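Numbering (this note's numbering), first residue to last: 906 to 1056.
Glycine is no exception: its CB is placed at the ideal position from the N, C-alpha and C atoms.
Being a predicted model, the structure only gives us computed values, none of them experimental.
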């Protein structure tokens, strides 16, 4: 292992000065903004940034179009459901009206049937009363004839 070499102040000072000079030289050797290579690199970076922004805008437009399509489909689905619900309500109303009409017709038929039955019952009752009156008259006539024979 080599022995430790102690630097003195002047050596360190000159080394620092050389390092500053090398740094300044490196900075001066960098290409200037007017250099064609720098201009080309900046143009490429700008083109890449514009392409990135265009892709972002394209994705955003696609998302918005997809959201609009989904919203339109949802609105169409809701409208279809509302139409079907309205049709169902209309069918229910028509069915209720039909049942009410059937009930009314049935009530009229029942009332008519009851009226006819009452009329028939009245006629039967009258015939039965007439028959009973005829039978009583015939019985009374036989009784009177028997009484007349005995005298």
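| query | According to DSSP, is residue 941 helix, strand or coil? | reply | DSSP places residue 941 within a helical segment (H, G or I) once states are collapsed to three.
| field | Reduced DSSP category for residue 935 - H, G, I as helix; E, B as strand; rest coil | value | Residue state, collapsed to three classes: coil.
| request: Have a look at residue 1038 and residue 1030 and give me their C-alpha separation to the nearest angstrom. | output: Their Cα atoms are separated by approximately 12 angstroms.
| request: Give me the Cα-Cα distance between residue 934 and residue 925, rounded to the nearest whole angstrom. | output: C-alpha separation (whole angstroms): 14 angstroms.
| query | Of all the alpha helix (DSSP H) runs that stay within the bounds of the stretch 937-995, which reach a length of 4 or more residues? | reply | Counting only unbroken stretches of 4 or more residues, no alpha helix (DSSP H) element lies wholly within the stretch 937-995.
| field | Distance CB(residue 951)-CB(residue 943) smaller than 8 angstroms | value | Residue 951 places its beta carbon 8 angstroms or farther from that of residue 943.
| Helix or strand or just coil, what does DSSP make of residue 1056? | Reduced to three states, the DSSP call for residue 1056 is coil.
| query | Which class does residue 915 belong to by DSSP, given the choice of helix, strand or coil? | reply | Three-state DSSP puts residue 915 in a helix.
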